[in-house]
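Residue numbers (the working numbering): 78 to 479.
A short write-up of the structure that comes next.
So this is what it looks like as structure tokens:
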């Protein structure tokens, strides 16, 4: 198979994740705007109570969760391209619907659609890049996160430009909707590789999925690593304000920069020096330590440093490496196992953000600090799961590793 003919396809698929990076972050950046439109109560400091917006963000996870059992088998049966096109179409609906939602209930429905879009993209893009870049699948899959990070890095600057031009906050929703529609039209005419290619390009023999403690632990890592960066991504703005930051939106840029650095550095590490499965212990340990430091050292500077470090260690490809590792255990069911790990990830989106919403409301102004401690507990569980996977990995993985 001449993989090079599929490189333009890979670029178009990576671009969907660039838009996805904006899609999962933009609500968190406009929480006050949406809270005002949806009639939220004001707090003692004059800001709006954003708990309802966090609950809507959690609906992204619910939509993803409930559609992943469909999208994974759909991708394996009907192909990666149809799955990708469905994801693109649903994302276009999400952006335009959310922009003009008059209340949180309608917004919740459109956020659900956005989660469904994410699920179809997950089960199309990840298997596709693994099948295009058969010899460097883990690295190729990490670059889906790199694409997300570029979107998240660009977003604050785009928000600044829109604000400087005195344009509505809805502007970026309309622009991103147009961009993903254009990308979808390109994907519709792109060639896709044969499904279920393994290392070296051979087609893997069909095999029934059998789960054991190790595979369940990997699935659990999908929950814990997603929890870590989602809690930070959606609650750091309020934490920055609590610690006295004049412009807490800068945290997002440092976070995205850390994530991009992690992808580039980790790509070199897993290519030459370390198995991807080892990263599943190392990076969550770094994130845990940083979260504790942020809780203790309550300054604006630590928020920026913490944004970079958590972007590096929590969002810098850990989920993608978990998915790649899971695919090594199930090489003939890439769509299904990707959907299962992403179901775990979606449970995290929905459960921990809803918990964070309650913590934020109950804690009032001090709520973001309590969310930090909740995040520490989640990351510690993830470290224990990763240690277990590492102990069992060598004897159970079905794909040749170095």
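We treat Cβ as the ideally placed atom computed from N, Cα and C, and that holds for glycine.
Cβ-based burial, residue i [other Cβ within 10 Å; buried from 16]
i	result
residue 411	buried
residue 180	exposed
residue 225	buried
residue 232	buried
residue 286	exposed
residue 479	Interpretation of residue 479 is limited by its pLDDT of 41, a score under 50 that renders its predicted location unreliable; the figure taken from the coordinates is listed afterwards. Burial call: exposed.
residue 208	buried
residue 456	buried
residue 315	buried
residue 290	exposed
residue 182	exposed
residue 245	exposed
residue 329	buried
residue 388	buried
residue 321	exposed
residue 184	buried
residue 154	exposed
Closest Cα partner of residue i within the set the options
i	options	result
residue 312	186, 431 and 358	431
residue 249	198, 104 and 227	104
residue 152	114, 181, 220 and 200	200
residue 400	325, 292, 317 and 314	292
residue 272	156, 358, 445 and 397	156
residue 80	189, 172, 206 and 185	206
residue 220	396, 129 and 256	396
residue 307	178, 391 and 369	391
residue 345	330, 230 and 213	213
residue 369	322, 409 and 451	451
residue 129	115, 160 and 159	115
residue 406	294, 187 and 303	294
residue 256	303, 408, 170 and 338	170
residue 83	324, 210 and 462	210
residue 230	185, 102, 303 and 323	102
residue 356	402, 375 and 324	402
residue 324	234, 265 and 352	234
residue 215	458, 361, 352 and 447	352
Cα-Cα separation between residue i and residue j, rounded to whole angstroms
i	j	result
residue 147	residue 241	43 Å
residue 195	residue 121	37 Å
residue 202	residue 372	37 Å
residue 167	residue 267	19 Å
residue 460	residue 468	13 Å
residue 380	residue 100	23 Å
residue 277	residue 222	Caution applies to residue 277, whose pLDDT of 47 falls short of 50 and renders its modelled position unreliable; the model cannot decide the point.
residue 439	residue 124	16 Å
residue 471	residue 259	44 Å
residue 113	residue 332	26 Å
residue 477	residue 398	Residue confidence for residue 477 is low, a pLDDT of 44 falling below 50, so the modelled location carries little weight and cannot support an answer.
residue 89	residue 288	33 Å
residue 263	residue 218	21 Å
residue 419	residue 443	32 Å
residue 305	residue 424	13 Å
residue 350	residue 243	50 Å
residue 342	residue 119	43 Å
residue 413	residue 150	6 Å
residue 382	residue 339	14 Å
Short Cβ contact (8 Å threshold) for residue i with residue j
i	j	result
residue 393	residue 301	no
residue 237	residue 98	no
residue 198	residue 427	no
residue 417	residue 296	yes
residue 164	residue 253	no
residue 422	residue 135	no
residue 86	residue 269	yes
residue 109	residue 326	no
residue 354	residue 466	yes
residue 127	residue 117	yes
residue 251	residue 176	yes
residue 377	residue 317	yes
residue 192	residue 140	yes
residue 385	residue 449	no
residue 464	residue 363	no
residue 189	residue 178	no
residue 445	residue 319	yes
residue 261	residue 162	yes
residue 365	residue 131	no
Short CB-CB distance (under 8 Å) between residue i and chain D
i	result
residue 322	Reference to chain D is not applicable here, since this structure consists of a single protein chain.
Residues bridged to residue i (per DSSP)
i	result
residue 119	125
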